[in-house]
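**Q**
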Amino acid sequence: MEIEQVEVYSTSEEYRRPIPTAVGTHYRRDNILVKVTATEDGEEYGGWGEGSPLIPGYSGATRNHMADDIVKRIAPDILGAEVNSVQDILDLIGRVKRNRYYMMCSLAPIDIALFDLLGQVNATPTFNIVREHLGLEKYDVEDLPLMPANFTVSRNATETDNRIGEILEEAEEYVSRGCTVIKVKIGIFKDSDVESLRRIHDHFQGRDVTLFADGNQAYDSVNEVFDVLTEIGDLIACLEQPFHRDKTHMSAELNRRTKHVQGMPLIITDEGTSSVEELENVLLSDAAGGCLLKMVRSGGFHYGIKAVGLLEGRDDFKFAPCSMTETGIGTIANIHSALAIYEHCHPSLGFGFDGPLQVIGDEYKNGRDTILYENQENGLYTKDANGVWIYDPSQIVGLGSGLGFEANYQYIEEITEHKVTLYLDEGDMIMEEDGEVKVMGKQRDILKYPRY
Numbered sequence: 245m246e247i248e249q250v251e252v253y254s255t256s257e258e259y260r261r262p263i264p265t266a267v268g269t270h271y272r273r274d275n276i277l278v279k280v281t282a283t284e285d286g287e288e289y290g291g292w293g294e295g296s297p298l299i300p301g302y303s304g305a306t307r308n309h310m311a312d313d314i315v316k317r318i319a320p321d322i323l324g325a326e327v328n329s330v331q332d333i334l335d336l337i338g339r340v341k342r343n344r345y346y347m348m349c350s351l352a353p354i355d356i357a358l359f360d361l362l363g364q365v366n367a368t369p370t371f372n373i374v375r376e377h378l379g380l381e382k383y384d385v386e387d388l389p390l391m392p393a394n395f396t397v398s399r400n401a402t403e404t405d406n407r408i409g410e411i412l413e414e415a416e417e418y419v420s421r422g423c424t425v426i427k428v429k430i431g432i433f434k435d436s437d438v439e440s441l442r443r444i445h446d447h448f449q450g451r452d453v454t455l456f457a458d459g460n461q462a463y464d465s466v467n468e469v470f471d472v473l474t475e476i477g478d479l480i481a482c483l484e485q486p487f488h489r490d491k492t493h494m495s496a497e498l499n500r501r502t503k504h505v506q507g508m509p510l511i512i513t514d515e516g517t518s519s520v521e522e523l524e525n526v527l528l529s530d531a532a533g534g535c536l537l538k539m540v541r542s543g544g545f546h547y548g549i550k551a552v553g554l555l556e557g558r559d560d561f562k563f564a565p566c567s568m569t570e571t572g573i574g575t576i577a578n579i580h581s582a583l584a585i586y587e588h589c590h591p592s593l594g595f596g597f598d599g600p601l602q603v604i605g606d607e608y609k610n611g612r613d614t615i616l617y618e619n620q621e622n623g624l625y626t627k628d629a630n631g632v633w634i635y636d637p638s639q640i641v642g643l644g645s646g647l648g649f650e651a652n653y654q655y656i657e658e659i660t661e662h663k664v665t666l667y668l669d670e671g672d673m674i675m676e677e678d679g680e681v682k683v684m685g686k687q688r689d690i691l692k693y694p695r696y
């Protein structure tokens, strides 16, 4: 198939509540959606992707930075390209990555859209396209492996330290919806984190609920974290990213001190493994026993494919797949990535649904963005039969082709603040923006030089 057009949607939507973390509080979902159009044997296909910067302190990028990356540094490389296999996509992504003036979250929507397209053209779910490339057995869509649902509550969401009751109430709500893993953000109220985690653990004692804690890069002492884990390590399944993403040596020391001690949780990274290069560094330094798998942050499907190569011969490092603050496009892509490399995912940490559960519904969306993985069913579906997502609410992952959803253009139009369309016309790169058509220059000339 030949890549003919790239549409870049700069979107914004309010969260149900502010999301405070140790690196900053954010109030709106400001993401990039991308539609890549390609033709195969005269038939047109449209693949969708999504990238999320969250906040600059998390990814190093902003939404506008991402849009600029795609327009100036990524689209010129992919327009007109022929893509007929996973290897073609990897080669194309590799060509883009040689021009390093971009962020991984900017590359993610393009990567995801290309894999969506490849699945559509081959009438195969994207996760099976990837599994086949990796030499793994393809899944029967009627018998997908199971993942428990995971949702995050946050002590950091309180202005004071005495509102644990509200957090328990929120956690109870999501457990009642079917979530069996609750992640608790800690690190702001350090003096009482231990007490609060005990209260949450005791609240759900005797029920099928797993807890893990997210340190949100809030700690700066290995001894401090080790002391906390000595008290509550047996109550949580893992501790996520206690130190700054650049402090890999501290994570390595903590992992060394805890990995062989009975009753200590798994140490995993998040921000510290945002790229393949960072993941390789964590593996080489033995800084963790696992990491989060976030497609919209780490560049898309190629991240998981490269990761499997790095993990060859190892079974001591596992992924915890999850969404961040994306729409149904990014979340469904994350689910495909988890199914694509399921053998390398941690079975008890589940799939995180933070993103879809955080967004305020609009008048044309009925109910909340809620999706649950039901053990009694084969796959994923939305609880609200009327639908709340960009994709068809009756869609079960694995049925259909590519990512397997229908775009809700009314929703996309409602949340889009700015749109740019890019295509080629007799060798010229054309950009349509705000009703104006501009010639960016000859594609061959644009590709000659670094695009700062």
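For the numbering used here, add 244 to where a residue sits in the sequence shown, where the first one is 1. Note that beta-carbon positions come from the ideal geometry of N, C-alpha and C, so glycine has one too.
#1: Taking the Cβ atom as the reference point for each residue, do Tyr383 and Leu583 lie within a distance shorter than 8 Å?
#2: Going by the DSSP bridge assignment, what does Met673 pair with across the sheet?
#3: Can you name the start and end residues of the beta strand (DSSP E) that Ala582 belongs to?
#4: Looking at C-alpha atoms only, which residue of Tyr586, Glu381, Val425 is the closest neighbour of Val397?
#5: Would Tyr586 be called buried (16 or more neighbouring beta carbons within 10 Å of its own) or exposed?
#6: Do Leu647 and Ala577 have their C-beta atoms closer together than 8 Å?
#7: Give me the Cα-Cα distance between Asp669 and Ile318, rounded to the nearest whole angstrom.
#8: Return the Cβ separation of Ile356 and Phe545 in integer angstroms, given the expectation that the two are a contact with Cβ distance under 8 Å.
#9: Please name the residue or residues paired with Lys341 in a DSSP beta bridge.
#10: Give me the residue from Asp560, Phe561, Met539 with the minimum Cα distance to Gly574.
#11: Hey, could you find the ends of the beta strand (DSSP E) Ala496 is sitting in?
#12: Can the beta-carbon of Ile247 be found less than 8 Å from the beta-carbon of Gly324?
#13: Identify which residue in Asp471, Gly409, Glu497, Lys427 has its Cα closest to the Cα of Lys434.
#14: Among Ile476, Tyr463, Asn460, Asn467, which has the Cα closest to the Cα of Arg443?
#15: Would you list, in sequence order, the uninterrupted beta strand (DSSP E) runs of no fewer than 3 residues that lie entirely inside the stretch 301-334?
#16: Name the two residues that bound the continuous beta strand (DSSP E) containing Pro353.
#17: Please classify Val340 as buried or exposed, where buried requires at least 16 neighbouring CB atoms within 10 angstroms.
#18: Does Asn460 come out as helix, strand or coil in the three-state DSSP assignment?
#19: Could you give the DSSP three-state label for Tyr383: helix, strand or coil?
#20: Could you check the C-alpha separation between Phe448 and Lys427 for me, to the nearest Å?
#21: Looking only at its chain, what residues have a beta carbon closer than 7 Å to the beta carbon of Tyr693, apart from the 5 residues adjacent to it on each side?
#22: Report the start-end ranges of each alpha helix (DSSP H) in the stretch 486-570 that is 4 residues or longer and not cut off at the edges.
#23: Does DSSP classify Gly409 as helix, strand or coil?
#24: Considering just the uninterrupted stretch of the alpha helix (DSSP H) at Val374, what are its terminal residues?
#25: Taking only the alpha-carbon atoms, compute the straight-line gap between Gln364 and Tyr289 and give it to the nearest angstrom.
#26: Tell me whether the beta-carbon of Leu298 lies closer than 8 Å to the beta-carbon of Ile333.
#27: Could you say which of Leu479, His493, Gly596, Val438 lies nearest to Gly450 if we only look at CA atoms?
#28: With DSSP as the reference, label Arg451 as helix, strand or coil.
#29: What residue range does the beta strand (DSSP E) around Leu277 cover?
#30: For Ile263, list the residues DSSP reports as bridge partners.
#31: Whole angstroms are fine: how far does the CA of Phe371 sit from the CA of Gly431?
#32: Ignore the nearest five residues each way along the sequence and tell me which others in Thr517's own chain have a CB closer than 7 Å to its CB.
**A** Judging by the given coordinates:
#1: Numbered from 1 along the sequence shown, position 139 holds the residue referred to as residue 383. Numbered from 1 along the sequence shown, position 339 holds the residue referred to as residue 583. Cβ distance < 8 Å, so Tyr383 and Leu583 count as in contact.
#2: Translated into positions along the sequence shown, residue 673 becomes position 429. Leu668, Gly685.
#3: Within the sequence shown, residue 582 is the residue found at index 338, counting from 1. Element bounds for Ala582: not the beta strand (DSSP E) but the alpha helix (DSSP H), 572-584.
#4: Along the sequence shown, one-based indexing puts residue 397 at 153. Nearest C-alpha to Val397: Val425.
#5: Stepping through the sequence shown from its first residue, residue 586 is reached at position 342. When all chains shown are included, Tyr586 counts as buried.
#6: If you number the sequence shown from 1, residue 647 lands on position 403. If you number the sequence shown from 1, residue 577 lands on position 333. Cβ atoms of Leu647 and Ala577: closer than 8 Å.
#7: If you number the sequence shown from 1, residue 669 lands on position 425. If you number the sequence shown from 1, residue 318 lands on position 74. Asp669 and Ile318: Cα-Cα distance of roughly 18 Å.
#8: The sequence position of residue 356 within the sequence shown is 112, counting from 1. The sequence position of residue 545 within the sequence shown is 301, counting from 1. Their Cβ separation, rounded to whole angstroms, is 7 Å, which keeps Ile356 and Phe545 in contact under 8 Å.
#9: For the purposes of this step, residue 341 is taken as residue 97 along the sequence shown, with counting starting at 1. Answer by DSSP bridge pairing: none, since Lys341 is not bridged.
#10: The sequence position of residue 574 within the sequence shown is 330, counting from 1. The candidate whose alpha carbon is nearest that of Gly574 is Met539.
#11: On the sequence shown, position 252 is the one that residue 496 refers to. Here Ala496 belongs to no beta strand (DSSP E); instead the alpha helix (DSSP H) covers 492-502.
#12: As a working mapping, residue 247 is identified with position 3 in the sequence shown. As a working mapping, residue 324 is identified with position 80 in the sequence shown. Going by C-beta atoms, Ile247 is nearer than 8 Å to Gly324.
#13: If you number the sequence shown from 1, residue 434 lands on position 190. Considering only alpha carbons, the answer is Asp471.
#14: Your numbering for residue 443 matches position 199 in the sequence shown. Cα-wise, what sits closest to Arg443 is Ile476.
#15: none
#16: For the purposes of this step, residue 353 is taken as residue 109 along the sequence shown, with counting starting at 1. It is not in any beta strand (DSSP E) - Pro353 instead sits in the alpha helix (DSSP H) that spans 348-365.
#17: Reading the sequence shown from its first residue, position 96 is the one you call residue 340. By the 10 Å Cβ count, Val340 comes out buried.
#18: Numbered from 1 along the sequence shown, position 216 holds the residue referred to as residue 460. Of the three classes helix, strand and coil, the one that applies to Asn460 here is coil, per DSSP.
#19: Start at 1 with the first residue of the sequence shown, and residue 383 comes out as number 139. Coil at Tyr383, not helix or strand.
#20: Position 204 of the sequence shown, counted from the first residue, corresponds to residue 448. Position 183 of the sequence shown, counted from the first residue, corresponds to residue 427. If you take the alpha carbons of Phe448 and Lys427, they lie about 13 Å apart.
#21: Locating residue 693 in the sequence shown gives position 449, counting from the first residue. Answer for Tyr693: no residue qualifies.
#22: 492-502, 520-528, 539-542, 545-554
#23: The residue labelled residue 409 in the question sits at position 165 within the sequence shown. DSSP places Gly409 in helix when its eight states are reduced to three.
#24: Against the sequence shown, residue 374 aligns to sequence position 130. Val374 -> alpha helix (DSSP H) spans 370-378.
#25: By 1-based counting over the sequence shown, the position of residue 364 is 120. By 1-based counting over the sequence shown, the position of residue 289 is 45. Near 7 Å, if we compare the C-alpha coordinates of Tyr289 and Gln364.
#26: Stepping through the sequence shown from its first residue, residue 298 is reached at position 54. Stepping through the sequence shown from its first residue, residue 333 is reached at position 89. The answer is no: Cβ separation not under 8 Å.
#27: Taking the first residue of the sequence shown as position 1, residue 450 is located at position 206. Residue Leu479 is the option with its Cα nearest to Gly450.
#28: If you number the sequence shown from 1, residue 451 lands on position 207. If DSSP states are grouped into helix, strand and coil, Arg451 belongs with coil.
#29: As a first step, residue 277 is located in the sequence shown; it is residue number 33 there, counting from the start. Per DSSP, Leu277 belongs to the beta strand (DSSP E) from 276-284.
#30: If you number the sequence shown from 1, residue 263 lands on position 19. BP columns for Ile263 point to His270.
#31: Start at 1 with the first residue of the sequence shown, and residue 431 comes out as number 187. Start at 1 with the first residue of the sequence shown, and residue 371 comes out as number 127. Spanning the two alpha carbons is a distance of roughly 36 Å.
#32: For the purposes of this step, residue 517 is identified with residue 273 of the sequence shown, where counting begins at 1. The answer, listed in chain order, is Leu523, Val526, Cys535.
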